[in-house]
Structure formats: structure tokens, C-alpha cells
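Peer 1: Line by line, the protein sequences give chains A and B. Every letter in the first sequence is one number past the one before it in our numbering, and letter 232, counting from 1, is 254. Every letter in the second sequence is one number past the one before it in our numbering, and letter 31, counting from 1, is 53.
2 protein chains.
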Amino acid sequence: MPADGVKHVKALLFDVFGTCVDWRSGVIREAEALGRKHGLRDVDWGKFADAWRALYQPQMERVRTGQRPWVKLDILHRESLEIVLRDFGISGIGAAELDEFNRVWHRLDPWPDAVEGLARLKGKYVIAPNSNGHIALLLHMAKRAGLPWDAILGAEVARAYKPLPEEYLRNVEALDLTPPEAMMVAAHHHDLDAARACGLRAAFVARPREFGLEQAVDLLPQSAYDVVASDFIDLARQLGC
Amino acid sequence: MPADGVKHVKALLFDVFGTCVDWRSGVIREAEALGRKHGLRDVDWGKFADAWRALYQPQMERVRTGQRPWVKLDILHRESLEIVLRDFGISGIGAAELDEFNRVWHRLDPWPDAVEGLARLKGKYVIAPNSNGHIALLLHMAKRAGLPWDAILGAEVARAYKPLPEEYLRNVEALDLTPPEAMMVAAHHHDLDAARACGLRAAFVARPREFGLEQAVDLLPQSAYDVVASDFIDLARQLGC
């Protein structure tokens with residue numbers, strides 16, 4: 023049976039990149055293919071993927087702090103891609119091909135337990151992504167991967183990026199719920215801590231290979247989350263689904 | 023095979039009240055139950071439902087014209103309900119019970135062809151509601167009725183009510199599409215005409231019993247829509263799904 027803290031929960035809001043899908047393997051796979059096509063040798067595509075992802079927070083921070091207006095994540099990814107390509111000394115790939123490659127973030131594979139776990143959870147809860155990805159990205163990903171969302175929520179609905187409070191609060195409000203009626207599910211402490219500060223419940227799901235074999239962060243729960251699960255099937259089991 | 027005009031369509035946006043679900047029968051059913059509970063005799067609940075629905079456009083018009091800020095449809099329905107109750111001479115029902123009755127709009131049944139038709143269309147297209155209903159309303163309706171939406175779009179995403187152009191254009195933009203890549207599906211000429219004025223494609227699906235047995239409007243297509251279908255299964259067939 024679920025713990026007391028979650029008995030009033032009606033909706034589960036999911037972080038997506040890293041929590042639902044394996045962004046690193048997906049980016050490496052398509053980057054390798056791009057590299058082969060363009061005869062790029064001696065590129066460590068794992069490092070390339072990590073470098074691209076490392077620009078994610080700094081790029082969003084410029085939006086969060088109001089240095090630029092809200093834009094869809096595709097725009098931020100595309101600008102970061104130019105920086106990473108330059109840093110890796112890669113040139114000569116056409117803009118249209120890079121636009122297409124940039125949408126690799128729409129084509130990421132779910133972790134093996136994700137679709138089954140979500141399908142079980144959906145029987146009892148409203149399930150929706152609460153990602154910094156925009157609606158079209160999350161929709162394309164869900165159609166391709168079979169993620170059975172009830173609705174597509176997230177940063178675009180709030181026009182604010184996590185971990186700003188208004189992002190969580192606006193999405194909870196879109197569901198006609200109060201914060202304790204929603205539980206954020208994520209593999210990242212900073213996301214869960216921000217959600218909890220807004221009054222949401224929090225479930226930590228470990229994804230110990232998100233950053234590859236040498237991952238050193240987010241391996242264990244660091245505070246008293248409402249639920250700690252090893253994967254989405256374990257989460258469903260613990261929630262009585 | 024689909025007509026030329028629709029071959030670039032990637033997403034179908036659906037009007038909901040009247041097009042996907044039978045609002046009139048649903049409202050009558052719950053109003054009758056409420057009437058029995060409170061011993062209300064001699065009320066024509068069909069007329070009551072029609073009177074409630076008749077306030078829909080005038081209430082939204084105050085938002086569209088900027089006389090009041092955007093609010094969720096539940097708020098407008100609730101205010102209209104007070105007016106209709108007064109006009110019908112009904113009093114003495116508690117606020118909490120009326121709040122619950124007001125959410126009858128979340129609990130409407132789909133037309134018999136809707137779920138099967140949408141499931142078929144979903145295999146080829148992105149399908150989403152583009153309704154003046156808010157996200158939670160559409161989500162509750164979909165969970166209850168089994169409407170298999172890919173995403174929940176509509177007035178709340180745009181913070182504008184149809185038929186304002188920004189409502190259609192913002193929802194198309196949320197899908198990363200251009201207007202001709204989206205087709206509005208509706209049983210109402212005014213909705214389709216507004217969508218077409220924004221560049222969207224248009225499919226008319228006749229719902230000749232939406233307003234009851236004496237319906238006199240929206241019975242036939244009145245202009246050259248891209249598709250004219252008798253129901254959602256016919257729509258799926260015509261679109262090659």
C-alpha cells in the first residue's frame with residue numbers, strides 16, 4: 023500500500039530526459055551515424071553528447087533569469103549544438119541536416135521499464151510529462167516510443183523552465199489540483215527538491231546509467247522522498263497499481 | 023485516398039462539445055437526477071440544457087472582447103448555471119452540490135463512433151482536442167470516456183477562446199506545424215470557417231442530433247470543406263486510416 027503522504031495524490035508528473043528516456047544513448051547513436059556519413063573520425067561521441075547536455079542548464083538559465091524571452095527547447099538545443107560542433111572542431115554539415123539532427127531529442131528511446139510502468143500507473147493516476155521539453159518534442163517522442171501520456175504538460179504550458187516555482191505550480195493548476203495532489207517523479211534531486219518546495223509530493227526513481235557507466239550523481243535518494251523506486255514498474259507496485 | 027488538400031496534414035484538431043461528445047444528453051441525464059433528488063417537478067430538462075448551453079457564447083464573448091481576463095470554462099459554466107437556475111425558478115441546492123453538477127461537462131459521453139474513429143485516426147495523425155474546454159475538463163472527459171488523445175490542446179494553451187484567430191494559430195504552433203498541416207474537425211460551420219481563415223484545413227462531421235430531434239443548424243456542409251464525413255469512422259476511412 024502507498025505511504026500516507028501519497029494517498030491524496032491524483033496525478034503523477036514526470037521528468038522526461040533521463041527519467042523516462044535514455045537521452046545519452048540516443049544522442050550517441052545518431053551522432054555516430056552523422057559522423058560516419060561525414061567521415062568524422064577520432065570523435066568521442068559520448069563526450070560530444072555530454073558536452074551538448076552540459077549546455078542545457080546554462081542555456082535555460084538565460085531564459086529563467088529573463089535575459090531572453092521564453093523559447094522552445096529546440097531553439098536552445100540548436101544554439102548549443104553550434105557551440106559543441108565548434109568546440110569539437112566539426113564543420114561542413116549543412117543547416118538543414120543539423121536541424122534534423124537537432125531533433126534527435128524528439129527520438130529518444132525509453133528506459134526498458136518505462137512504457138509498461140506508465141501503462142500500469144495510468145490505470146490509477148493521471149500521468150503527464152512535466153519536462154522542459156516543449157509540447158511538440160514530447161508529443162513526437164511519445165508517438166514514437168509509445169509513452170501513453172494522458173496529457174502533454176511542462177515548460178511550454180507554463181512558459182517557464184524548471185526549477186522555477188511557477189513551472190510546477192502552473193502545471194498543477196492546469197490539472198485543477200492542489201500541489202499535494204500531484205507527485206513529481208524524477209531521477210534528479212534538484213527537480214524533486216524544487217517540486218517539494220512548491221508543495222508537491224516527490225518520487226525518486228534511480229537511473230544510474232543516465233550519464234553512462236561512470237555516473238557519480240543522483241545515484242541514491244538524498245532526502246526523505248515520499249517514494250523511492252528502482253524503476254517505473256517498482257513505482258507502480260509501490261503505488262498499488 | 024485523401025483529397026489533395028489534405029495530403030500534407032499531420033495533425034487533426036477536434037472540436038469537442040457536440041463534435042466528439044453528446045453534451046445535451048449528458049447534461050439532461052445529470053440534471054434529471056438532480057431534479058429527482060430535490061423533488062423538482064415540471065422542469066423541462068431539455069430546455070434547461072439548451073438554456074445553459076445558450077449562455078456559452080455570450081459568456082466567452084466577454085473574455086474574447088477583453089471585458090474580463092481569460093478564465094477556465096468551469097468558471098463560465100458555473101456563472102451561467104446560476105443564471106439558468108434563477109431563470110427556471112430553481113433554488114435551495116447547496117453550492118458544493120452545484121459545483122459538482124457543474125462538472126457534468128467533464129462527464130459527457132462520446133458519440134458512438136468517436137472512440138473507434140479516433141483510435142484509427144491516431145495511427146496516422148497526431149490527434150488532439152482543440153476545444154474551448156480547459157485542460158482538466160478535457161483530461162477528465164478523456165479518462166472517463168476513453169478518448170485516446172495524443173495531447174490536450176485548446177483554449178487554455180492559447181489563453182484565448184475560439185473563434186479568435188490566435189486560438190487556432192497558437193495551437194498549431196504548439197505542434198510545430200504550419201496551418202495547412204493541421205485540419206480542424208468540427209460539426210459547426212463557425213468553427214471550421216474560423217479555422218480556414220487561419221489557413222487550417224477543415225473537415226465537417228455532421229452531428230444532426232447534437233441539439234436534439236428538432237435540430238435546424240449545422241445539418242449539412244455549407245461550403246467546400248476539405249472533407250465531409252458522416253462520423254469519425256467515415257472520416258478515418260476517407261483519410262485512409
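Built from N, CA and C at the ideal position, the CB exists for glycine as well. What you are looking at is a predicted structure, and each value in this text was computed from that prediction instead of being measured.
Provide the residue span of the beta strand (DSSP E) that contains G113/A, from first to last.
Peer 2: As a working mapping, residue 113/A is identified with position 91 in the first sequence. It should be noted that the sequence gives Ser, not Gly, for residue 113/A. No beta strand (DSSP E) holds S113/A; DSSP gives it neither H nor E.
Peer 1: Any chance the segment 145-154 of chain A sits against the segment 171-178 of chain A, with 3 or more Cβ pairs inside 8 Å?
Peer 2: Yes, since at least three Cβ pairs between the segment 145-154 of chain A and the segment 171-178 of chain A fall closer than 8 Å, the two stretches touch.
Peer 1: Could you say if the segment 23-39 of chain B and the segment 211-224 of chain B meet the contact criterion of at least three C-beta pairs nearer than 8 Å?
Peer 2: A contact exists between the segment 23-39 of chain B and the segment 211-224 of chain B.
Peer 1: Output the residue ranges of the alpha helix (DSSP H) runs that lie fully inside the segment 61-96 of chain A and measure 4 residues or longer, sorted by chain position.
Peer 2: As far as the segment 61-96 of chain A is concerned, its whole alpha helix (DSSP H) runs of at least 4 residues are 67-76, 78-86.
Peer 1: Compare the C-beta of H156/A with all C-beta atoms of chain B and state if any pair is closer than 9 Å.
Peer 2: The residue given as residue 156/A occupies position 134 in the first sequence. True, the Cβ-Cβ gap to chain B drops below 9 Å.
Peer 1: Would you please verify whether the beta carbon of I97/A is less than 9 Å from any beta carbon of chain B?
Peer 2: Reading the first sequence from its first residue, position 75 is the one you call residue 97/A. Chain B contact via Cβ: absent.
Peer 1: What is the DSSP secondary structure of S153/A, counted as helix, strand or coil?
Peer 2: Position 131 of the first sequence, counted from the first residue, corresponds to residue 153/A. S153/A falls in the strand class under three-state DSSP.
Peer 1: Give me the chain A residues within the contact set of L242/B, using Cβ-Cβ distance strictly less than 9 Å, ordered along the chain.
Peer 2: Here residue 242/B corresponds to residue number 220 of the second sequence, with the count starting at 1. By Cβ distance, chain A contributes nothing, its closest Cβ being about 34 Å from L242/B, past 9 Å.
Peer 1: Run the CB neighbour count on L199/B, radius 10 Å, all protein chains shown included, and call it buried at 16 or more, exposed below.
Peer 2: Position 177 of the second sequence, counted from the first residue, corresponds to residue 199/B. Classification of L199/B: buried, given that the 10 Å Cβ count is 16 or more.
Peer 1: From the DSSP output, which residues share a beta bridge with V43/B?
Peer 2: Position 21 of the second sequence, counted from the start, is the residue given in the question as residue 43/B. Note: V43/B sits in a beta bridge opposite F39/B, P132/B.
Peer 1: Helix, strand or coil for F226/B, going by three-state DSSP, please let me know.
Peer 2: Your numbering for residue 226/B matches position 204 in the second sequence. DSSP places F226/B in strand when its eight states are reduced to three.
Peer 1: If we ignore side chains and look at the alpha-carbon of each, how far apart do P264/B and E54/A end up?
Peer 2: The structure shown does not extend to residue 264/B, since chain B spans only 23 to 263, so no value can be given for it.
Peer 1: List the residues of chain A whose Cβ lies closer than 8 Å to the Cβ of L197/B, in chain order.
Peer 2: Residue mapping note: residue 197/B aligns to position 175 of the second sequence, counting from 1. Those are I157, A158, L161, listed as they occur along chain A.
Peer 1: Can you list, in chain order, the residues of its chain with a C-beta nearer than 7 Å to that of W171/A? Leave out the 5 residues immediately preceding and following it.
Peer 2: Within the first sequence, the letter at position 149 stands for residue 171/A. Only I149, A150, P151, A164 meet the Cβ criterion.
Peer 1: Tell me whether the beta-carbon of W133/A lies closer than 9 Å to the beta-carbon of V239/A.
Peer 2: Counting from one through the first sequence, the residue named residue 133/A turns up at place 111. Counting from one through the first sequence, the residue named residue 239/A turns up at place 217. The answer is no: Cβ separation not under 9 Å.
Peer 1: Check whether the Cβ atoms of A73/A and D131/A lie closer than 9 Å to each other.
Peer 2: Counting from 1 along the first sequence, the entry for residue 73/A is found at position 51. Counting from 1 along the first sequence, the entry for residue 131/A is found at position 109. No, Cβ-Cβ distance for A73/A and D131/A is not below 9 Å.
Peer 1: At 3 residues or longer, what runs of the beta strand (DSSP E) sit wholly inside the segment 171-233 of chain B?
Peer 2: Correct list: 204-208, 223-227.
Peer 1: Between which residues of its own chain and P185/B is the CB-CB distance below 7 Å, once the five residues before and five after are set aside?
Peer 2: Mapped onto the second sequence, residue 185/B falls at position 163. So the qualifying residues of the chain are H212, D213, A216.
Peer 1: Decide if E189/B is buried, meaning its Cβ has at least 16 other Cβ atoms within 10 Å, or exposed.
Peer 2: Taking the first residue of the second sequence as 1, we reach residue 189/B at position 167. With 16 or more other Cβ atoms within 10 Å, it is buried.
Peer 1: Check whether the segment 113-130 of chain B and the segment 221-233 of chain B are in contact - that is, three or more C-beta pairs closer than 8 Å.
Peer 2: The segment 113-130 of chain B vs the segment 221-233 of chain B: no contact.
Peer 1: With a cut-off of 9 Å, does the C-beta of E119/B fall near any C-beta of chain A?
Peer 2: Position 97 of the second sequence, counted from the first residue, corresponds to residue 119/B. By this cut-off, E119/B is not an interface position.
Peer 1: What first and last residue would you give for the alpha helix (DSSP H) that runs through A246/B?
Peer 2: Indexing the second sequence from 1 puts residue 246/B at position 224. Unbroken run through A246/B: none, as it is neither H nor E.
Peer 1: Determine the burial state of H30/B: buried for a count of at least 16 other Cβ atoms within 10 Å of its Cβ, exposed for fewer.
Peer 2: Numbered from 1 along the second sequence, position 8 holds the residue referred to as residue 30/B. Under this definition H30/B is an exposed residue.
Peer 1: Since D256/B is in the alpha helix (DSSP H), which residue starts that stretch and which ends it?
Peer 2: Residue mapping note: residue 256/B aligns to position 234 of the second sequence, counting from 1. Here the alpha helix (DSSP H) through D256/B covers 254-260.
Peer 1: What residues are listed by DSSP as bridge partners for V148/A?
Peer 2: As a working mapping, residue 148/A is identified with position 126 in the first sequence. Beta-bridge pairing links V148/A to A33/A.
Peer 1: At a CB-CB cut-off below 9 Å, which residues of chain A make contact with E178/B?
Peer 2: For this step, residue 178/B is matched to residue 156 along the second sequence. The contacting residues are V179, A196.
Peer 1: Interface residues of chain A around V148/B at Cβ under 8 Å?
Peer 2: What you label residue 148/B is simply residue 126 of the second sequence in a count that begins at 1. The answer, in chain order, is L161, K165.
Peer 1: Can you say whether G114/B is buried or exposed, counting buried as having 16 or more other CB atoms within 10 angstroms of its CB?
Peer 2: Here residue 114/B corresponds to residue number 92 of the second sequence, with the count starting at 1. With fewer than 16 other Cβ atoms within 10 Å, it is exposed.
Peer 1: What residues from chain B crowd round A173/A, counting only those whose CB sits closer than 7 Å?
Peer 2: Here residue 173/A is taken as the residue at index 151 of the first sequence, counted from 1. Correct list: I157, L161, A173, I174.
Peer 1: I believe K94/A touches H156/A by the beta-carbon criterion, under 8 Å. Please report the beta-carbon distance rounded to the nearest angstrom.
Peer 2: Reading the first sequence from its first residue, position 72 is the one you call residue 94/A. Reading the first sequence from its first residue, position 134 is the one you call residue 156/A. With 8 Å as the limit, K94/A and H156/A qualify as a contact, their Cβ atoms being about 4 Å apart.
Peer 1: Under 9 Å between the Cβ atoms of V28/B and D248/B?
Peer 2: The residue labelled residue 28/B in the question sits at position 6 within the second sequence. The residue labelled residue 248/B in the question sits at position 226 within the second sequence. Their beta carbons are under 9 Å apart, which means V28/B touches D248/B by this criterion.
Peer 1: With a cut-off of 9 Å, does the C-beta of K184/B fall near any C-beta of chain A?
Peer 2: As a first step, residue 184/B is located in the second sequence; it is residue number 162 there, counting from the start. It does not; no Cβ of chain A falls within 9 Å.
Peer 1: Using a Cβ-Cβ distance cut-off of 9 Å, determine whether K69/B contacts chain A.
Peer 2: Translated into positions along the second sequence, residue 69/B becomes position 47. Taking Cβ atoms only, chain A never reaches closer than 9 Å to K69/B, which makes this a no.
Peer 1: Under a CB-based cut-off of 9 Å, is K29/A close to chain B?
Peer 2: In the first sequence, counting from the first residue as 1, residue 29/A sits at position 7. Chain B contact via Cβ: absent.
Peer 1: Please classify G88/B as buried or exposed, where buried requires at least 16 neighbouring CB atoms within 10 angstroms.
Peer 2: Numbered from its first residue, the second sequence carries residue 88/B at position 66. Exposed is the call here.
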